[in-house]
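A.B. asks: Residue numbers (this note's numbering): 59 to 390.
Each residue gets a CB set at the ideal place from its N, CA and C atoms; glycine is no exception.
Shown below is the structure under consideration.
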Ligand SMILES: Cc1ncc(COP(=O)(O)O)c(C=O)c1O
């Protein structure tokens, strides 16, 4: 079964001999020394950031969990649908959770979100940009306005940019101690299993997020692998471009082969979200033919239960997927 349900990179960015050499050079019998700082430097240099204002944890998952522990005691505001773990981590710490659900056409009523911020005064408003599972982007005007309202409410505004590298337009970020960005090396960098998540904010807020940090937040092998990759800017950029090309190919396949009978959202990520009367049937057909997409039988939003999300696969696997989808279309 080929997994296309977790939005990973289908390839590793490094060769087997490089990986072996990094393992040999990693003195994991000792505690880390400067490895964390090296990755701070290389990640900041590649992404044009201040190394002092970013930190790492075991995946952005760990950052989300930490946010639920250290960022105030009031309610958590999220959108629905969005990344399922926001809700899970809020539950773990008994945080009151309020959701603003999307409309029938999978867009959000932003006025409704503003109203919730003003009335609820949440400690945290977290959302993914682009959205997982929809793959769509929230408009810049919403980001700016919601950030401003969260500041007035005295809460934190968290932009989870797990798929941020797939956004092609210029992005600008609201500023201030209340703004936090989470990024990850799990998607476009191809390091999901190594668990490297990034948090970016001001010195004051980074101190708060790190107030419950472990002395050695990440294992040395992950730090060294990520650092090695980030020190090869040109190669990494080509790898990221390849992931973007696969994403465009995936979207093209769906639009060309079944765009007339399946509803497909325009994706700014490495996955494609499908809905409409026949989406679940196509999902089952794809699954019966060796690819495992993401379905949502457990979703609270009933409309989501009939949708299917497909993430990228290797180039030749996408050709295989195209044929499977084509065969399904021929049977309609
Ligand atoms: C929106 C979003 N945030 C966070 C994560 C978690 O990423 P990580 O592997 O860094 O924990 C994911 C993973 O799918 C995601 O889709």
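1) Tell me the DSSP secondary structure of residue 214 in three-state form.
2) So what does DSSP say about residue 180, is it helix, strand or coil?
3) Rounded to the nearest angstrom, how far is the Cβ of residue 323 from that of residue 331, given a contact under 8 angstroms?
4) How far does the beta strand (DSSP E) with residue 251 in it extend, from its first residue to its last?
5) Looking at C-beta atoms only, is the number of pairs between the segment 153-173 and the segment 282-290 that lie closer than 8 angstroms three or more?
6) Need the endpoints of the alpha helix (DSSP H) that residue 125 sits in, please.
7) Rounded to a whole number of angstroms, what is the C-alpha to C-alpha distance between residue 299 and residue 165?
8) Would you list, in sequence order, the uninterrupted alpha helix (DSSP H) runs of no fewer than 4 residues that lie entirely inside the segment 306-332?
9) So the candidates are 229, 220 and 386; which of them puts its Cα closest to the Cα of residue 120?
10) With three or more beta-carbon pairs closer than 8 angstroms as the criterion, would you say the segment 365-376 touches the segment 303-319?
11) If we count the other Cβ atoms within 10 Å of its Cβ and call it buried at 16 or more, is residue 124 buried or exposed?
12) At 4 residues or longer, what runs of the alpha helix (DSSP H) sit wholly inside the segment 217-276?
13) Is residue 138 near ligand 1 - that is, is its Cβ less than 8 angstroms away from at least one heavy atom of it?
14) Determine the closest residue to residue 269 out of 113, 354 and 159, with distance taken between C-alpha atoms.
15) I'd like the list of long-range same chain contacts for residue 59, defined as Cβ closer than 8 angstroms, with 5 residues on each side in sequence excluded.
16) What three-state label does DSSP hand residue 297 in the structure shown?
17) List the DSSP bridge partners of residue 351.
18) Using the beta carbon as the reference atom, which residues fall closer than 6 angstroms to any heavy atom of ligand 1, ordered along the chain?
19) Assuming contact is defined by CB atoms lying nearer than 9 angstroms, are residue 191 and residue 69 in contact in what I supplied?
20) Under three-state DSSP, which class holds residue 134?
21) Could you give the residue range of the alpha helix (DSSP H) that holds residue 101?
22) Is the beta carbon of residue 188 less than 9 angstroms from the beta carbon of residue 240?
23) Let me know the secondary structure DSSP gives residue 287 once reduced to three states.
24) Pick helix, strand or coil for residue 36, following the three-state DSSP scheme.
25) In its own chain, which residues sit with a C-beta less than 7 angstroms from the C-beta of residue 365, not counting the 5 before and 5 after it?
26) Under 9 angstroms, do residue 211 and residue 176 count as touching if we go by C-beta distance?
C.D. replies: Answer, in terms of the structure:
1) Residue 214 falls in the strand class under three-state DSSP.
2) coil
3) 5 angstroms
4) Unbroken run through residue 251: none, as it is neither H nor E.
5) No, the segment 153-173 is not in contact with the segment 282-290.
6) Residue 125: member of the alpha helix (DSSP H) spanning 117-128, first to last residue.
7) When rounded, the distance between both Cα atoms is 28 angstroms.
8) none
9) Looking at the Cα atoms, 220 is the closest of the given residues.
10) yes
11) Per the 10 Å Cβ criterion, buried.
12) 261-267
13) Relative to the non-hydrogen atoms of ligand 1, the Cβ of residue 138 never comes closer than 8 angstroms to any of them.
14) 113
15) 348, 349 and 350
16) helix
17) 62
18) Residues close to ligand 1 by the beta carbon criterion (under 6 angstroms to any non-hydrogen atom) are, from first to last along the chain, 65, 117, 118, 119, 141, 186, 190, 218, 220, 242, 244, 250 and 255.
19) Their beta carbons are not under 9 angstroms apart, which means residue 191 does not touch residue 69 by this criterion.
20) DSSP places residue 134 within a strand segment (E or B) once states are collapsed to three.
21) 93-105
22) With respect to residue 240, residue 188 sits apart: the two C-beta atoms are not nearer than 9 angstroms.
23) helix
24) There is no way to answer for residue 36, as the model of the chain reaches only from 59 to 390.
25) 331, 332, 333, 337 and 354
26) yes
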